[in-house]
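Sequence order for the protein chains is A and B. Take the first sequence: its position 1, counted from the start at 1, is 59 in the working numbering, and no numbers get skipped. Take the second sequence: its position 66, counted from the start at 1, is 124 in the working numbering, and no numbers get skipped. Glycine included, every Cβ here is placed at the ideal spot set by N, Cα and C. Just so it is clear, the structure is predicted and the values come from calculations on it, not from any experiment.
Number of protein chains: 2
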Amino acid sequence: MERRPAKVRPMGTLDFWFEFASTYSYPAAMRIGALAEARGVTVRWRPFLLGPVFKAQGWDTSPFNLYPNKGRYMWRDLERICAALGLPFVRPTVFPQNTLVAARVALTALKQSWGEDFCRAVYHDEFGEGRDIGEPFAIADIVNGFGQNPDAVLEQARTDAIKNALRAQTEEAQRIGIFGSPSFVTADGELFWGNDRLEAALEWAKR
Amino acid sequence: MERRPAKVRPMGTLDFWFEFASTYSYPAAMRIGALAEARGVTVRWRPFLLGPVFKAQGWDTSPFNLYPNKGRYMWRDLERICAALGLPFVRPTVFPQNTLVAARVALTALKQSWGEDFCRAVYHDEFGEGRDIGEPFAIADIVNGFGQNPDAVLEQARTDAIKNALRAQTEEAQRIGIFGSPSFVTADGELFWGNDRLEAALEWAKR
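Below, the structure is given as structure tokens:
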């Protein structure tokens, strides 16, 4: 009699919603890979734009700029968090940054093997080195570092297909109640918000 | 030769700033005692009012009411947190609640041995049982449960000394940059905000 293979328990999945301008998404992006792997959870990286989400709440910039006390606190808190994690941190001069090109390129790259590394590299340049990633040449530089052709990638990122995909993804984020970044959504629809909820989200996804 | 006693390392101290209307302050208030004791940190309970703080930011109610997506998320998140901690949770019908009497009585009670228990009891009634603690009789009921004379305590809470002390405490909170509850402030001035920062604040206080 043929022996049946042991049934493999399907791994949990987790959607990782992120906006490149978001400060607390930096440690989340740097942490999620290893933490998910340790729990056998598959992560889907889903870039979106917070601008339209904030606009719907009546904000024309980051709440960290609108509410100075909160902003001052956030920068110090982020500095402490990065220090505890051993992550480099340099506060960028420009905040929030224009992340349209980065998000479009991420959507392109995430269809390929270097997508997640690209996202981490953007966060690293922005908050680990304090650079402005808003300019296409800054993104081209990162793309180039992965041995990709920047012109081809940026051209691809400017296609209607990618523009529409990013718009659709941002609309989906709003539709499912996302109001900030990072957000994590499990297969059964549980929403978790914030770098400090990453572990809880992964545990939920694993159940 | 007389032997000198071993030098006792002074324990760390931590100021716990809280507003009774604040949802995430409920798990913080329930957790802080044991966690601080385990680390040898002394906690000073400091009730204040968020109303003036929010007003200074242009809000006339809780941001959880002003931003429905955020509010919906917070209630679900709080429910999950309480479940994980084994804390009872019933969403109160009234939110945010009028906490003026509770805060004044807390200032009175915290000068006595039943102060911290009183604060925990208020949070329990409000978020563990979903009751309205805004009415003086609800507070009188809690006071009574500690074998105290409600009339005497409420009269004491209405004195100018207590009214002024609460006003001064709220102004101090604003002066040191507090913008939400719970907040934790170490002796060297580090500010931590949120139930999810309680452990980090205690670790900082212990250093």
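Taking 8 angstroms as the upper bound on Cβ-Cβ separation, chain A lies near residues Q115 of the region 105–116 of chain B. With respect to A/T166, A/A196 sits apart: the two C-beta atoms are not nearer than 8 angstroms.
Spanning the alpha carbons of A/A179 and A/P150 requires a straight line of approximately 15 angstroms. In the three-state reduction of the DSSP assignment, B/S83 falls in the helix class. Burial is judged here by how many other beta carbons sit within 10 angstroms of a residue's own beta carbon; A/R104 has at least 16 and is buried. Residues of chain A with a Cβ closer than 7 angstroms to the Cβ of B/D254 are, in chain order, D254. Put simply, of A/A79, A/G116 and A/P85 the residue whose alpha carbon is nearest the alpha carbon of A/L108 is A/A79.
Here B/Q155 has F78, A79, E184, D190, I191 and G192 as same chain residues with Cβ atoms under 8 angstroms from its own Cβ, once five neighbours each way along the sequence are excluded. Contact of A/L224 with chain B is not assigned, every C-beta pair being separated by 8 angstroms or more. One finds nothing in chain A with a Cβ atom closer than 7 angstroms to the Cβ of B/L143; even the nearest lies about 12 angstroms away. In this structure, DSSP gives B/P105 an extended state, which the three-state scheme calls strand.
Per the C-alpha coordinates, the member of A/R138, A/R255 and A/G186 positioned closest to A/W75 is A/R255. In summary, the residues of the region 235–254 of chain B whose CB is separated from some CB of chain A by less than 7 angstroms are G235, F237, L249, W251 and D254, in the order they occur in the chain. With contact defined as three or more Cβ pairs closer than 8 angstroms, the region 78–94 of chain A and the region 131–145 of chain A are in contact. Residues F237 of the same chain have their beta carbon placed closer than 8 angstroms to that of A/Q115, with the five preceding and five following residues left out of the count. Across the set B/F112, B/D118 and B/N123, the C-alpha of B/F112 shows the shortest separation from the C-alpha of A/Y125. Taking C-beta atoms as the reference points, B/R102 and B/T71 count as a pair closer than 8 angstroms.
At a cut-off of 8 angstroms between C-beta atoms, A/Y84 does not count as an interface residue with respect to chain B.
Contacts with chain A at 8 angstroms (Cβ-Cβ) include B/K128.
Each residue's CA atom was taken as its position, placing B/E213 and B/I90 some 29 angstroms apart. Between B/V201 and B/V243, the gap from beta carbon to beta carbon reaches 8 angstroms or more. Contact of B/Y181 with chain A is not assigned, every C-beta pair being separated by 8 angstroms or more. Counting along the chain, no alpha helix (DSSP H) covers B/F74; the unbroken beta strand (DSSP E) around it starts and ends at G70 to F76. Annotation for A/F153: no beta strand (DSSP E) segment contains it, and DSSP assigns it neither H nor E. In this structure, A/G188 lies near A/V148, with their beta-carbon atoms less than 8 angstroms apart. A Cβ-Cβ contact shorter than 8 angstroms links A/A86 with A/N253.
Around B/W262, the same chain offers T244 and E248 as residues with beta carbons nearer than 6 angstroms, after the five sequence neighbours per side are excluded.
Counting of Cβ neighbours within 10 angstroms places A/D118 among the exposed residues, the total staying below 16. Rounded to the nearest angstrom, the gap between the Cα atoms of A/F176 and A/G186 is 14 angstroms.
Around the C-beta of A/D73, 16 or more other C-beta atoms lie within 10 Å, and the residue is accordingly described as buried. DSSP, read as helix, strand or coil, puts B/T166 in helix.
Considering only A/A210, A/I234 and A/I139, the residue with the shortest C-alpha distance to B/A259 is A/I139. In the structure shown, B/W262 adopts helical secondary structure according to DSSP, grouped into three states. With respect to the C-alpha of A/Q232, the residue from B/N127, B/E229, B/K169 and B/A92 having the closest C-alpha is B/N127.
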